[in-house]
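J.: Before I ask anything, let me first share the structure, which is written out below as structure tokens.
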Amino acid sequence: MNRDISSFIDRYVKEIQNYTAAMFIGAGFSMNAGYVDWKNLLSGIAEDLGLDIEKETDLISLAQYNCNENGQNRGLINNALFEEFTKEKDLDENHKILAKLPISTFWTTNYDSLIEEALRDARKIVDVKYNNSHLSLTIPHRDAVVYKMHGDKSNPYEAILIKDDYEQYYQKHAQFITSLSGDLISKTFLFIGFSFTDPNLDYILSRIRIDYKENNRQHYAIMRKVNENDYANKADYEYAKRKQELFMGDLKRYSIKPLMIDEYSEITDILKEISRRLNHNNVFVSGSAYEYSEYSEDEKSATDFIQSLSQRLIQKEFNIISGFGLGVGSAVIYGTLQEIYMKNKKINEERLLLRPFPQGIVDDSTREKLWREYREDMISRAGVSIFIFGNKYDKDKETTVLADGMKQEFEIAVKQHNLIVPVGCTGYVAHEIWKEIHENLSNYYTNVDDELTAAFEKLNEKCKESQLIDNILLFIELFKKGKYASAN
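Residue numbers (numbering that gives the first Met the number 0): 0 to 487.
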């Protein structure tokens, strides 16, 4: 990842944390999920007109020509849009990552419903607006707003498709122009999958540039570099490359900084890194305990340790995520809330995220599926996963056994690229995880050296409560300094 993109991510993460970040999604973002771009959508229409779609660059005019040739009837284009975008498509990884980011403002020119589907899949309340009447209504307790400035696949008759629509947009859809202008002034946008050939956006950006001059807000756009392999000869490639350079320079007039990538697959890496840096201070505490005997015969000392660990994490500006595990969750919550309230004299809900597991589900497969989804949701919001204890009581065997749910959380945390912190000295599954990682540290951490090895081994040393907590925090701090990282 180059320096420009890394610096952008740092700035954009701060904007997200300050609730001043927004996304603008273009057609290119949906292509990975299987939808076509404008050129492919209009290929049949071009053929009907006796034109070669590969030679056409003004696709809006092409759509208008079709309407003209059919006596101002746009039925063919409406049908093409409806048939294409009502096809069922699975959410791709980019949409899933995007939906989990704490961003509340999305703008798009796309007709498909992938953005709102991904947000709902992430259990967010979504307010979708694709015509003027929607703008005056607000869904209560919404988590995100999706502005579809060109309409929606469900209503192709009102979609912005032909030149007439674009020419009349500033009159018929002035409310959208006002809303987008306001967001562009007050929020930092990241444009993804957008070609900047849309005349409506061009009009809005131009007005903002004139009105605000050098005081425009900085925006960003991810763009793929022109690739020589895409062209038949070197001359065409050099021409396209020069044109892209000039275009990039022109974008800067609108305070839009291009972020150049070699391949579209890098978009996934960028979104993942944004998510990772956002979650850097979010700690998931994984643990359950019917008994604590491998750590201490005294239950109170064990719960005191959990409470003190939670307090110290809050003091160090970490946020805590918990699934309310048996024998652990209550102590985590008590320690966390005690510290938050003592410091701020009020409960800050952003510092503690609780996801109690649904109880009373009789069907085993249903319960297992739902509980895994809960685990994946919790851990996806964290950058660090701490594992403590890990046992439960088996009624059939009438004995204490290792907690299989905690093993699953470890697997998910590894897959989610969390920093794994197994406190082996607490015993049970935590110790099993510590042993597994200890056998080959390089499978889980980068740049393994004597300092990291020594810090990891201290996670398995039985010592005083305060010293153990110091060891845990020291291990995490080593990664915050940037010398080490998760290897998975």
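All residues carry an ideal CB built from backbone N, CA and C; glycine is no exception.
Relative to the alpha-carbon of PHE283, which residue among ASP268, MET377, ARG141, SER132 has its alpha-carbon at the smallest distance?
T.: Within the sequence shown, the letter at position 284 stands for residue 283. Residue MET377 is the option with its Cα nearest to PHE283.
J.: Quick one: which unbroken beta strand (DSSP E) runs of 3-plus residues sit fully inside the stretch 398-455? Chain order, please.
T.: Qualifying beta strand (DSSP E) stretches, in chain order: 398-401, 418-421.
J.: What first and last residue would you give for the beta strand (DSSP E) that runs through GLY286?
T.: On the sequence shown, position 287 is the one that residue 286 refers to. Taken as a continuous stretch (DSSP letters only), the beta strand (DSSP E) holding GLY286 covers 281-287.
J.: Do the stretch 151-165 and the stretch 42-62 touch if we need at least three Cβ pairs shorter than 8 Å?
T.: Yes, they touch.
J.: What are the uninterrupted segments assigned as alpha helix (DSSP H) that are 4 or more residues long and contained completely in the stretch 126-179, given in chain order?
T.: Listed in chain order, the complete alpha helix (DSSP H) runs (minimum 4 residues) inside the stretch 126-179 are 131-134, 162-166, 168-171.
J.: Have a look at LYS463 and ALA20 and give me their C-alpha separation to the nearest angstrom.
T.: Along the sequence shown, one-based indexing puts residue 463 at 464. Along the sequence shown, one-based indexing puts residue 20 at 21. Cα-Cα distance, rounded: 44 Å.
J.: Given a threshold of 16 other Cβ atoms within 10 Å of its Cβ, counted over all protein chains shown, does THR85 qualify as buried or as exposed?
T.: For the purposes of this step, residue 85 is taken as residue 86 along the sequence shown, with counting starting at 1. Exposed.
J.: Counting only the same chain and skipping the five closest in sequence on each side, list residues whose C-beta sits under 8 Å from that of LYS186.
T.: Walking along the sequence shown from the start, residue 186 turns up at place 187. Cβ within range, chain order: GLU14, THR19, ALA20, ALA21, THR104, ARG216.
J.: Among residues of its own chain, excluding the 5 on either side of ILE52, which ones have a beta-carbon nearer than 7 Å to its beta-carbon?
T.: Here residue 52 refers to the residue found at position 53 when the sequence shown is read from its first residue. Cβ neighbours of ILE52 beyond the five flanking positions: LYS38, LEU41, SER42, ALA45.
J.: Count the C-beta pairs between the stretch 149-163 and the stretch 408-420 that are closer than 8 Å, then say yes if the count reaches three, no if not.
T.: No: fewer than three Cβ pairs fall under 8 Å.
J.: Select from ASN226, ASP201, ASP197 the residue whose C-alpha is nearest the C-alpha of ARG252.
T.: As a first step, residue 252 is located in the sequence shown; it is residue number 253 there, counting from the start. The shortest C-alpha separation from ARG252 is found at ASP201.
J.: For TYR219, name the three-state secondary structure that DSSP assigns.
T.: Translated into the one-based positions of the sequence shown, residue 219 becomes position 220. Strand, per DSSP.
J.: May I have the straight-line CA-CA distance separating GLN16 from GLU68, to the nearest angstrom?
T.: Reading the sequence shown from its first residue, position 17 is the one you call residue 16. Reading the sequence shown from its first residue, position 69 is the one you call residue 68. Distance between the alpha carbons of GLN16 and GLU68 is about 51 Å.
J.: Alpha carbon to alpha carbon, how far is ARG374 from PHE455? Give it in angstroms, no decimals.
T.: Locating residue 455 in the sequence shown gives position 456, counting from the first residue. Locating residue 374 in the sequence shown gives position 375, counting from the first residue. Using only the alpha carbons, I get a separation of about 25 Å.
J.: Is DSSP giving PHE317 helix, strand or coil here?
T.: Position 318 of the sequence shown, counted from the start, is the residue given in the question as residue 317. DSSP places PHE317 in coil when its eight states are reduced to three.
J.: So for ASN232, helix, strand or coil by DSSP?
T.: Walking along the sequence shown from the start, residue 232 turns up at place 233. ASN232: coil per DSSP, three-state reduction.
J.: Please identify the residue among LEU250, ARG119, ASN278 whose C-alpha is closest to the C-alpha of GLN415.
T.: Taking the sequence shown and counting its residues from 1, one reaches residue 415 at position 416. The option with the nearest alpha carbon to GLN415 is ASN278.
J.: Which residues does DSSP pair with ALA21 in a beta bridge?
T.: Here the question's residue 21 lines up with position 22 in the sequence shown. According to DSSP, which records beta bridges pairwise, ALA21 is partnered with PHE188.
J.: How is VAL383 classed by DSSP in three states: helix, strand or coil?
T.: Numbered from its first residue, the sequence shown carries residue 383 at position 384. Strand.
J.: So, at 8 Å on beta carbons, what are the nonlocal neighbours of ASP268 in its own chain, with the 5 sequence-adjacent residues on each side left out?
T.: For the purposes of this step, residue 268 is taken as the residue at position 269 of the sequence shown. Excluding residues within five positions, the ones whose Cβ falls inside 8 Å are MET0.
J.: Does the stretch 302-313 touch the stretch 326-339, meaning 3 or more C-beta pairs lie closer than 8 Å?
T.: The stretch 326-339, when compared against the stretch 302-313, does touch it at the 8 Å Cβ threshold.
J.: Does DSSP put LYS482 in a helix, a strand or coil?
T.: On the sequence shown, residue 482 is found 483 positions in, with the first residue counted as 1. It is coil, neither helix nor strand.
J.: Would TYR444 and ALA486 qualify as a contact pair, given that the criterion is a beta-carbon distance under 7 Å?
T.: Within the sequence shown, numbered from 1, the residue matching residue 444 stands at position 445. Within the sequence shown, numbered from 1, the residue matching residue 486 stands at position 487. Yes, they are a contact pair.
J.: According to DSSP, which residues form a beta bridge with LYS391?
T.: For the purposes of this step, residue 391 is taken as the residue at position 392 of the sequence shown. DSSP lists VAL400 as partners of LYS391.
J.: In terms of alpha-carbon separation, which member of ALA121, ARG10, VAL35, ILE436 lies closest to ALA98?
T.: Position 99 of the sequence shown, counted from the first residue, corresponds to residue 98. The shortest Cα separation from ALA98 among ALA121, ARG10, VAL35, ILE436 belongs to ALA121.
J.: Cβ atoms of ILE176 and ILE203: under 7 Å apart, would you say?
T.: Residue numbering aside, residue 203 sits at position 204 when the sequence shown is read from its first letter. Residue numbering aside, residue 176 sits at position 177 when the sequence shown is read from its first letter. Result yes, Cβ atoms of ILE203 and ILE176 sit closer than 7 Å.
J.: Report buried or exposed for LYS391, applying the criterion of at least 16 other Cβ atoms within 10 angstroms of its Cβ.
T.: Here the question's residue 391 lines up with position 392 in the sequence shown. Buried: at least 16 other Cβ atoms inside 10 Å.
J.: Is the beta carbon of SER29 less than 7 Å from the beta carbon of LEU118?
T.: Walking along the sequence shown from the start, residue 29 turns up at place 30. Walking along the sequence shown from the start, residue 118 turns up at place 119. Going by C-beta atoms, SER29 is not nearer than 7 Å to LEU118.
J.: Might you give, ordered along the chain, the residues of its own chain that have their beta carbon closer than 7 Å to the beta carbon of TYR289, omitting 5 neighbours on each side?
T.: Indexing the sequence shown from 1 puts residue 289 at position 290. Closer than 7 Å at the Cβ level, and outside the excluded window around TYR289, lie LEU325, GLY326, ASN390, LYS391, TYR392, THR399.
J.: Under a three-way DSSP split, which group does ILE124 fall into?
T.: By one-based count along the sequence shown, residue 124 stands at place 125. Three-state DSSP puts ILE124 in coil, outside helix and strand.
J.: For ILE491, report the span of its alpha helix (DSSP H) as first-last.
T.: Because the chain is modelled from 0 through 487, residue 491 falls outside the range shown and cannot be assessed.
J.: According to DSSP, is THR196 helix, strand or coil?
T.: Residue 196 sits at position 197 when you count from the first residue of the sequence shown. Coil, per DSSP.
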